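Heads up: the sequence shown begins at 54 in our numbering, then just goes up one per residue. Single-structure report; data block below.
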Amino acid sequence: MHSILQFRPLAAVTLATCLLASSAGTAAAQADPKLNLDHIPDQAVGAVFLFPQTLAAKPELELLPTEVIAAAGKRDYGFNPMEIEQAIALIAPPMGGNPPSWGLILHFSAPQGLSKDLTQRTETREVDNVKYFAANRALDPSFCLYKEKTILIAPESFLTLMIANQPAESELRTLLSQSATDADATGILAVEPVRDLINQALVGAPPMPPPIQQLLTLPDHLDSVHIGLNISPPDATFIRLAGRDEKSAEEVERILTEALAFAKQLFIAQSTMGMRLEEGAVAEATIKYLTRAGDVIENKLKPVREGDDVTISATFNPAYSSSAVLAGLLLPAVQQAREAARRTQSRNTLKQIALAMHNYHDVFTEFPAHANYEKKKPLLSWRVHVLPYLDQANLYQKFHLDEPWDSEHNKALIKEMPAIYQNPNMNNKDFKTNYLLVTGEDAAFFGEEGKRIRDFTDGTSNTILAVEANEDQAVIWTKPDDLEFDEENPFQGLGQLRQGGFLAMFADGSVQFISINVDEDTMRAFVTPGGGEVIQR
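What follows is the structure, given as structure tokens:
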């Protein structure tokens, strides 16, 4: 059974709107069809209207399965969607403690009917000598076949107002009577009757950046909103905001202009996130393209004020859907996906290194020192000494541990750098790594001895062992060099490889992304294993 009664109200409106948008009749298209304002109660504040038979003449709709739509409509609903001349969807604010209401008016070119599927779960009632089918539940859609060529659909309380058909002056009816009817679909909202209601709904909105936050003040400056949708070039789709007066219109223009500029910058920033010029000319060209595309879109959507009205319009350009443009727009998404994959790979690398460090601790009851020493001279990096715990025992055995990293023998092994020390964000041709310990007098690594877990009195989950440093901090992997912590500048050497922060390996084996916006005192506390600081997370 395909009964609309089985749907909730919103679903019913959606279904009906789909039928309207997809209908295509045989009547000739009218250049400027006249809008029928019958059955629009004065309680309604918003409307969307269209003329399906006019849309039938659009070349874009010529491949719609009109035959199937007609047959299915007659079978399931009792009426032919392809004979709809005019359709109006209405919205009304809450009335009598009920939620916002809605209604749908369908005017046909020929007599119609209603199927048993629609009416069998209803009760026949009458108002003003007009019969209608009332749903069993108050908020479900009820139906009325009015004088054979009009079908009204709405919850019963609103449907009876539509049936009464008592034309009264209202702000919405005035706006509809003055509206042009040449757009493929038109939407109108009378703001004045619901201004307080809208503002109440916006009170709980979360804080946003100022250029976006000020959009919430628009209802105070508007009398109405008018939207025209066109699917065929060269007709433009537009949004027209009618200000309460010329001063309000000026404020609306300013708010929209600033919001659009911010949106452009946000679009560019989000799209280029993770892109690095070092990746080559394609990444650099993509950034230039996105900047140019943002400028073009901002210019095309620029608000234009004329008297009390502010209009944003855009004409659909088929070239924008070409494969070349789509490819250009997809590049940022591809870049972001690649960056996310690199970040995940690097995080997993640090976790493997952390596990190797802990396995080393299990054997020697302490973490490795940042290097082994001979007469106060550092010889080989800790990265060499944890090789056996990274499935690299054979490579470890090749090293002369009593010789420095750049001895003739050990230097020859640099080119055998294990893949785990290769950061996916670096184009490494010099066998360098940026996975570095944080060293310093108050850090976990200082001097010739390694620390034991019991030395981490601040907690292993609160102490950083190693970081993913900036690319310019990278060192040859066997060289006993790491990142020396700068008390005065805690983020020195960090936060440039990835946007917004860096990956850090903690003494408990976890890996976290640390924002460069973290308080400097918190960063200092992360470095000290026994400083006694309290870290607020």
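Don't be surprised by glycine CBs; every beta carbon is placed ideally from N, CA and C. Note that the coordinates shown come from a computational prediction; the quantities given were computed from them, not determined experimentally.
Exercise for review: Label K430 either buried or exposed according to how many other C-beta atoms from any shown protein chain fall within 10 Å of its C-beta, with 16 as the threshold for buried.
Suggested key: exposed
Review point. Helix, strand or coil: how does DSSP classify W155 here?
Key: strand
Point to revise | Where the beta strand (DSSP E) containing V437 begins and where it ends | key: First-last for V437: 435-438, but that is the alpha helix (DSSP H), not the beta strand (DSSP E).
Point to revise | Whole-angstrom distance between T310 and P147, CA atom to CA atom | key: 33 Å
Check your understanding: How is the beta strand (DSSP E) around I206 delimited, first residue to last?
Key -> 203-208
Review point. How many angstroms separate the CA atom of R128 from the CA atom of L157?
Key: Those two C-alpha atoms are separated by around 20 Å.
Practice item. Assess, as a yes-or-no matter, whether the region 467-478 is touched by the region 503-517 under the definition of 3 or more beta carbon pairs within less than 8 Å. Key: no
Exercise for review: Please classify M148: does DSSP put it in a helix, a strand, or coil?
Suggested key: coil
Check your understanding: Looking at the unbroken alpha helix (DSSP H) that takes in F579, where does it start and where does it end?
Key -> Per DSSP, the unbroken alpha helix (DSSP H) holding F579 starts and ends at 573-580.
**Study point:** Nearest to L282 (by Cα), restricted to the options I529, F102, E541
**Key:** Among I529, F102, E541, the Cα nearest to that of L282 belongs to F102.
Practice item. May I ask which residues mark the beginning and end of the alpha helix (DSSP H) holding V305? Key: Counting along the chain, the alpha helix (DSSP H) containing V305 begins and ends at 299-324.
Review point. Are the region 333-353 and the region 302-317 touching, with three or more C-beta to C-beta distances below 8 Å?
Key: Look at the beta carbons and you see the region 333-353 touching the region 302-317: at least three pairs across the two are nearer than 8 Å.
Review point. Would a C-beta distance cut-off of 9 Å place S366 and T290 closer than the cut-off?
Key: yes
Point to revise | Proximity to D534 [Cα-Cα], best of D459, L556, L466 | key: D459
Point to revise | Under the three-state DSSP convention, the category Y130 falls into | key: coil
Review point. Excluding five sequence neighbours on each side, which residues of the same chain lie with their C-beta closer than 6 Å to the C-beta of H160?
Key: N89, E138, Q139, T203
Review point. Among S277, A312, L313, which residue has its Cα nearest to the Cα of R297?
Key: S277
Exercise for review: Would you identify the three-state DSSP class for S232, choosing helix, strand or coil?
Suggested key: coil
Check your understanding: If you run the structure through DSSP and keep just helix, strand and coil, what is P272?
Key -> helix
Review point. When you compare only the Cα positions, how much space is there between A65 and I122?
Key: Only weak support is given to the placement of A65: the predicted model assigns it a pLDDT of 40, under 50, and the value that follows is read from those uncertain coordinates. Cα to Cα, A65 sits roughly 17 Å from I122.
Check your understanding: Can you list, in chain order, the residues of its chain whose CB lies under 8 Å from that of A409, leaving out five sequence neighbours each side?
Key -> V439, Y442, L443
Point to revise | K87 beta carbon less than 9 Å from that of T234 | key: yes
Practice item. Report the rounded CA-to-CA distance for H423 versus P263, giving the unit in angstroms. Key: 48 Å
Check your understanding: So, are the CB atoms of E113 and S285 less than 9 Å apart?
Key -> yes
**Study point:** Classification of V416 by the beta-carbon crowding that lies within 10 angstroms, buried from 16 upward
**Key:** exposed
Practice item. Excluding the 5 residues preceding and the 5 following D572 in the sequence, name in chain order all residues of the same chain whose CB lies nearer than 8 Å to its CB. Key: none
Check your understanding: What are the uninterrupted segments assigned as beta strand (DSSP E) that are 3 or more residues long and contained completely in the region 538-574, given in chain order?
Key -> Every beta strand (DSSP E) stretch that sits fully inside the region 538-574 and reaches 3 residues is listed by chain position as 554-559, 564-568.
Practice item. Give the DSSP-derived three-state secondary structure of N283 in the structure shown. Key: coil
Check your understanding: Comparing alpha-carbon positions, which option in L269, E245, Y342, N412 lies nearest A295?
Key -> E245
Check your understanding: Rounded to whole angstroms, how far is the Cβ of A522 from the Cβ of L489, which I believe are closer than 8 Å?
Key -> The Cβ separation is near 5 Å, so the contact holds.
Check your understanding: Roughly how many whole angstroms lie between the Cα atoms of L271 and D361?
Key -> When rounded, the distance between both Cα atoms is 14 Å.
Exercise for review: Can you grab the Cα-Cα spacing for the pair I280 / V528, in whole Å?
Suggested key: 60 Å
Review point. Can you tell which of A560, D170, E524, G585 has the C-alpha that lies nearest to the C-alpha of K485?
Key: E524
**Study point:** Boundaries (first-last residue) of the beta strand (DSSP E) holding A292
**Key:** Residue identity check: residue 292 is Ile in the sequence provided, not Ala. Run containing I292: 289-296, per the beta strand (DSSP E) assignment.
Practice item. Could you tell me which of A560, G583, G548 sits nearest to N412, measuring between CA atoms? Key: A560
Check your understanding: What is the C-beta distance between V520 and F566, in whole angstroms, given that I count them as a contact (C-beta under 8 Å)?
Key -> The pair is not a contact, with the Cβ atoms about 11 Å apart (cut-off 8 Å).
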